[in-house]
């Protein structure tokens with residue numbers, strides 16, 4: 001097997017996003033790139049994810065960096081996500097600047113990309129909760145307006161374990177109105193009536209890139225399988241360095 005770093009040493013360049021895929025992204029607000037990461041690499045990311053879980057244990061409400069959700073049967077806590085993560089793991093720090101991610105993102109943005117946000121979603125078996133339909137941009141207006149997110153799938157993602165669902169083309173409508181019944185910024189039903197979401201069934205090693213204006217959601221994990229995804233978000237350099245985590249948060253677990 002020829003590793004990516006070996007290809008770079010030999011002066012080879014790769015095109016990870018074709019012109020057709022770029023046009024698809026701008027039309028639909030997302031693009032899926034299959035099979036960018038090998039099984040060996042995915043195993044490395046899974047090991048790093050499990051090591052991260054041990055590092056932040058024991059789980060309890062109010063701990064920095066963590067979102068947790070209660071087990072439905074016995075009330076024990078279950079890890080939902082860790083955010084941020086690159087300073088806790090050199091594996092995830094290196095992945096954030098991997099050319100297989102950066103080349104497509106910078107092609108989409110049309111300029112150099114800067115890391116804005118990094119996290120890992122665990123979506124545990126039987127307890128991973130649903131996310132209602134929303135746009136990430138509704139949370140990020142104070143930071144930047146051209147943010148692109150990348151989901152790196154380290155497990156198969158399907159209907160049973162709560163794959164991502166997206167509404168194509170609505171990113172071109174800008175920010176949609178959302179209900180005011182809580183912090184979730186759920187998009188109002190009347191804005192998406194008659195538009196069917198696409199179920200993004202992805203294999204391990206696939207990535208999904210989408211706009212911060214693309215409406216998306218996911219169902220609960222009803223399976224016995226975990227659905228982990230590493231998520232990086234980037235903004236164009238012209239919109240400034242907006243890495244959004246405080247020094248106080250970054251000091252936790254060090």
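In this note's numbering, the protein residues as written are 1 to 254. Note that the Cβ used here is the ideal one computed from N, Cα and C, for glycine as well.
The beta carbon of residue 215 lies closer than 6 Å to those of 133, 135, 167, 170 and 187 in the same chain, with the five residues before and after it left out. In this chain, residue 243 is not harboured by any beta strand (DSSP E), its DSSP state being neither H nor E. Collapsing the DSSP output to three states places residue 253 in coil. Taken atom to atom, the span from the alpha-carbon of residue 55 to that of residue 228 is near 17 Å. The C-alpha of residue 49 is placed about 19 Å away from the C-alpha of residue 101.
Beyond the five residues adjoining it in sequence on each side, residue 231 comes within less than 8 Å, by CB distance, of 117, 118, 119, 120, 121, 149, 150, 151 and 152 in the same chain, given in chain order. Between the region 39–48 and the region 197–210 there are three or more C-beta pairs closer than 8 Å, enough to call the two in contact.
Counting only residues of its own chain and dropping the five nearest sequence neighbours on each side, residue 223 has a CB closer than 7 Å to the CB of 125, 160 and 161. For residue 118, there is no enclosing alpha helix (DSSP H); the residue is part of the beta strand (DSSP E) that begins and ends at 113–121. Residue pairing for residue 30: DSSP places it in a beta bridge opposite 210. Judged by DSSP secondary structure, residue 109 falls within the alpha helix (DSSP H) whose first and last residues are 99–109.
Rounded to whole angstroms, residue 87 and residue 139 show a C-alpha spacing of 23 Å. Distance between residue 185 and residue 194, taken at the CA atoms: about 20 Å. Note on geometry: alpha-carbon atoms of residue 80 and residue 62 lie some 13 Å from one another. Collapsing the DSSP output to three states places residue 171 in a helix.
Inter-residue distance for residue 89 and residue 165 is about 29 Å (C-alpha atoms, whole angstroms).
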